[in-house]
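First up is the structure itself, then whatever we jot down about it.
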Amino acid sequence: MIDVSDLKSIIMLTYLKDSMLEKLAKVTLIREYSAGDTIFREGEDATHLYSVIEGKVGLEVMKNPSTPVMINTICENRTFGFSAVIETEEKKYITTAKAYMRTKLFAWKAEDLEALFQKDCEMGFLFMQRIAKIIKTRLQIRTIQYLDIYG
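Mapped onto my numbering, the consecutive letters of the sequence shown carry residue numbers 175 to 325.
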């Protein structure tokens, strides 16, 4: 089982109480990828949320069928794959995630997180509050990137 102290290294989880992290630890998986491995693809069902323990992940979108464009790099202790926890009619990833080097991740099934949050609404609120802040930051970064290109 994952230790609570390991989860505390993930920036977005630092706002959760130890009792909440203990619950989260029970549903936490560890995934390992080699350099160049695809973690998920744009358009696939969004089934997991991820945080980087070791390594680096690149997020890409397809400019056209043969041209991927890197839009963000996710470093250690950061989280990605938010589509898995955002309630929409179709939960699909909006980027492709690739390991840039040997990478170790925490992974959480969307359905496990939803079940936890239904039982512990405070945990769900704190978790989603952090997700919202991270999404806001990523939107600001994309706006700056857009303005650099087209502004």
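By construction, the Cβ of each residue, glycine as well, lies at the ideal position given by its N, Cα and C atoms.
Judged by DSSP secondary structure, I176 falls outside any beta strand (DSSP E); it is assigned neither H nor E. Non-local beta-carbon contacts of S208 in its own chain, meaning distances under 7 Å to residues more than five positions away in sequence, involve A273, R276 in chain order.
For I204, there is no enclosing alpha helix (DSSP H); the enclosing beta strand (DSSP E) has its first and last residue at 202-207. Here the stretch 286-300 makes no contact with the stretch 311-324; the two share fewer than three CB pairs at distances below 8 Å. Membership of Y224 in the beta strand (DSSP E) is indicated by the continuous run 222-228. DSSP places T277 in no alpha helix (DSSP H) but in the uninterrupted beta strand (DSSP E) bounded by 277-283.
A Cβ-Cβ distance of about 25 Å is found for the pair L300 and T269, leaving them out of contact under the 8 Å criterion. Shown here, I260 sits in coil according to DSSP, grouped into three states, outside any helix or strand.
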